[in-house]
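The block underneath contains the structure these notes are about, expressed in structure tokens.
Numbering (full-length UniProt numbering), first residue to last: 1 to 1247.
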């Protein structure tokens, strides 16, 4: 199979629903839906058809879309590469995986992914402003200075200068102070002498102290008295305490003390009636020996002083046997001694040498002597503290931070922006010891970090993420006034040094050639830091943005400027303007032609759009979430004005040069030269502008109409109109060529249509792709264009149906059989012709829907009026429906032709089979074979709708033939075997024509007839059988006349039984008296008690009668061995009281099914007993009892006596009368006529 054919049958979205072959259990499943991109690639016509017009529709449809997307992808990949700097000037050199970049841009907090697919907590932390945790050490790779000036500063000289500034402070005094704190360390950070030596060596290196000086200062420090340390304890809560009171609860409180001073104890408050108390109480315990001391926390149950009477009142609150014992013991102790002691629950111990310097929070088990199980757990927060001058301590900590940081940067050789705030373990220990023993709060430490890190950042950039964390932590204490005026001053002086780095980084975002994960972290850090600073109010007179440093501001001024948001917005705009100017200066038109000018503008639009897409994907959410700045919107307003200024004159010049087309009377273009000479370039520019405009609807939704790009489509109106004129003419040319080349062979074994159908649909599909790409924004213009497209497509569909019908009519007929029995044979060519037209017909409605007609009409109603929109809708719907009807009629014409060509053979086979059915001929077999061959072909090739349609046509013909045959056979009084065999033939035909559909309806009909004793039912208008009413009558006649005589006679009595039941349920109705009985089965005996009869219709001339009742068990052939019992005759009595009981033995087989007939007669003097009425009772309605149940205990059964009027006219009786040669049937009819033919004058009474 050729590649183009494979693409066609695999990719077209519109597929007919082919029914599976009736014996094919492995029918091919429907093709999976294709993505839009795949559908565009596959919906192309055959190469021979494309040669006719040079691939006109493909160029402007799928190929135009592919080329536009490809060019757009290239521009996006290039991004802002025209002004990108070397890779060494990135904020993060190693690009992570695509998932990492996407996760960073989205700001996910729980599923950020690194290069190996693992969760990355650092990214989630930086994207969320806030959090008090430590800054994660994120390795950002080799990084350079994005905010650096043109001349780079040497790191060694910078560090030398910074260190000399620090030495200006009393370095030896600071060294001695830190050394003193290390000698008297607290907590578990320093546990051995070797740990202390390592800390001292780090101090020497950081402070650049030689051994001699170190020894001198160390001896001085060792002579000093140890500092005063306190242990700060917060008792938070306890859980799972052991109950101590009789009610299963306790009243807990805690006692705290140190092992070095057990007499100095601290108690918490008492919490009433709980095993999970919450205290949240604070205590400070003086520490004499932080190395060996132990903190004890005892938990007790408080027992108040109570009298015996008060304790007795707790009896109702006792919980369990243990609680009862405990209360009895308390009462006994109180009664004997009058004492009340608190009960001990357990003790928790915390060794002070295990407490970290910075403190910690932990759950501690409560233990009790001689108890192996824990008595509960208590939650404690423990930390060391000291008393020292706050200002001196803070100043010491700041300089210590600076020296340790410079030493860390010098020793690790980290690149700019790489350090995220993590010192090594030794430096961290020194800082914690100093902070704890100096009594610095967490806020004091954070402020010191901010001030010193900002100073160092000027010459050695640190991670912006670090400043985001610090700024967030300082936001609340500064707002709440927790810092002094001097400290606030230090904060803003440091901030002023830090801000130029932030703003210059934002201006130079396009110097980064790829938005890697490290870069996103840094940008997020900048934005979050600025967001925190923008919420704070600097002291009066502070100028954060002096004109001398920020000369690029849009409105520079000498007045103090603290508008962080405004300066950030200016930085974004200035960076965009610089980049756009660079793009225009470095990209010129390649040649003098209009094509070259269009290409130049397309390139400009693609570059601008790619920059916007990058901003939306990577930066917009960062700026919006962080500081509320519409980053992409600011860029869009700058870009769209410049792009429109460049594009509009070019487009207008091109459209002014388009020439009008000339067509013949059939609407076919007759010029040799292509009128749309610039090819697809004009529409490539349209699509590029459209995509740029779509971005504006998202970025500037409120004022898009005021932008120049909002009306860009008007530049292209003339070009679109001319393309549609050309497309209409070329579509008809393609259809003619496609039908001419079509050999009516399936394009593949898996489909049921040939090449011309696909070629025609490809025209529709490519036009749809072209229109969908246009997405014309103007409502009136959209309606004009889409109405033109719909009209052309409908005309094209009708044209194709005509051409295909002409083609199949030219094919010669295929006849099989002998000269005397020639018969038409359905071929695949006929089926393919029908399928092809059906394929095109089914494509019209989806095509119109995908054009967006409903949306256009809805917009038109809003733009003009609902009435105008409705009128336009009716016009379009009329065109569509008329076209569909025309194409549909072509299909029906072909189906009628096929069915009519088969009718002669079907009629001949049925006639022969009717005449010779009982002579073992093979006419029916040949009929089935003929139907099998043709129906299998039709069923396997046509779709379900058309197969049902031709099946209905053929079935109507067969039904008419069968109906006439049955009518003639009844007149000729054919035997039951004839009708039985003919019924079998009908079943076979039903299977061929309806595949069980009609058979199911006939089965439902038979169920109803069984309930009504084969009585024909009058159907309502809503009957589900209306569509096959005539055929059901034929089937019923065949089934009825095919029954054996005993079965027919039994059906007669079943009808009478059902009439009896209906009569019983009708209340007051026509009946001839009431018969009261009792009956039941006891083992194999049927016992019947006939009690009385009432309101008997008088039969004699004297107004009375002589009634008696005779019992018949039916069917008679089943109960032939049983005598028919009768009651005594009651003379001249219309209300006879019989009171007679009859015991009738029956076998198990006889009990399975049967009917009792109670026949009421009037005994005449001469023995000519006259039939009065009858009643029936089914064996199903008779209870089955054992011998212990008396018949007299059963409820009475009142049977209405009835004499039907038209019983002899029933179809069962007619069927029996039809069997003139059957003695059994003849005798039965005779008896019934004798019975119901009498007393006709008495049939009118009622009750």
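Virtual Cβ for every residue (Gly too), placed ideally from N, Cα, C.
By the criterion of a C-beta distance shorter than 6 Å, residue 833 is surrounded in its chain by 804 and 808, once the five residues flanking it on both sides are discounted. Within the stretch 770 to 824, not a single complete beta strand (DSSP E) segment reaches 3 residues in length. Per the C-alpha coordinates, the member of 958, 1221, 761 and 516 positioned closest to residue 990 is 958.
Relative to the Cα of residue 1203, the nearest Cα in the group 1236, 1039, 1225 and 1216 belongs to 1236. Between the C-alpha atoms of residue 259 and residue 272 there is a straight-line separation of about 29 Å. A straight line joining the alpha-carbon of residue 502 with that of residue 519 spans about 13 Å.
Going by DSSP, residue 635 is part of the alpha helix (DSSP H) stretching over 631 to 656. DSSP places residue 722 in the uninterrupted alpha helix (DSSP H) bounded by 717 to 741.
Put simply, the backbone Cα of residue 929 is about 11 Å away from that of residue 906.
Of the candidates 798, 870, 542 and 196, the residue whose Cα lies closest to the Cα of residue 836 is 798. If you draw a 10 Å sphere on the C-beta of residue 899, you find 16 or more other C-beta atoms in it, and that means buried. CA-to-CA, the gap between residue 635 and residue 652 works out to about 26 Å. Beta-bridge partners of residue 1174 (DSSP): 1159 and 1202. A direct Cα-Cα distance of roughly 19 Å separates residue 953 from residue 887. C-alpha of residue 570 to C-alpha of residue 58: approximately 47 Å in a straight line.
In the structure shown, the three-state DSSP call for residue 590 is coil.
Here residue 1162 is buried: its Cβ has 16 or more other Cβ atoms, across all protein chains shown, within 10 Å.
Within a 10 Å sphere around the beta-carbon of residue 623 sit 16 or more other beta-carbons, which makes this residue buried. It is roughly 35 Å from the alpha-carbon of residue 511 to the alpha-carbon of residue 774.
Just measuring C-alpha positions, the residue of 1064, 444 and 1050 sitting nearest residue 475 is 444. Per the C-alpha coordinates, the member of 346, 1192, 971 and 380 positioned closest to residue 359 is 380. If only uninterrupted alpha helix (DSSP H) runs of at least 4 residues are considered, those enclosed by the stretch 1089 to 1170 are 1148 to 1152. A Cβ-Cβ separation of about 4 Å places residue 438 in contact with residue 393 under the 8 Å criterion. According to the DSSP assignment, residue 346 belongs to the beta strand (DSSP E) that extends over 343 to 351.
If you draw a 10 Å sphere on the C-beta of residue 1184, you find fewer than 16 other C-beta atoms in it, and that means exposed. For residue 1049, the uninterrupted alpha helix (DSSP H) run begins and ends at 1045 to 1064, by DSSP. A Cβ-Cβ separation of about 6 Å places residue 403 in contact with residue 207 under the 8 Å criterion. Distance check between residue 469 and each of 525, 495, 726 and 506 places 525 closest, using alpha-carbon atoms only. In this structure residue 1077 is in contact with residue 1199, their Cβ atoms being roughly 7 Å apart against a cut-off of 8 Å.
Residue pairing for residue 231: DSSP places it in a beta bridge opposite 285 and 384.
By a beta-carbon distance limit of 8 Å, residue 611 does not contact residue 600. Their separation comes to about 17 Å. Assignment of residue 495 by DSSP, reduced to helix, strand and coil, places it in the helix class.
Take residue 838, set aside five residues on each side of it, and the residues of its chain with a beta-carbon closer than 7 Å to its own are 16, 891, 943 and 946, in chain order. Taking 9 Å as the cut-off, the beta carbon of residue 696 is found closer than this to the beta carbon of residue 709. DSSP places residue 440 in no alpha helix (DSSP H); its state is neither H nor E. Counted as a single uninterrupted DSSP element, the stretch harbouring residue 482 is not any alpha helix (DSSP H), since DSSP gives it neither H nor E.
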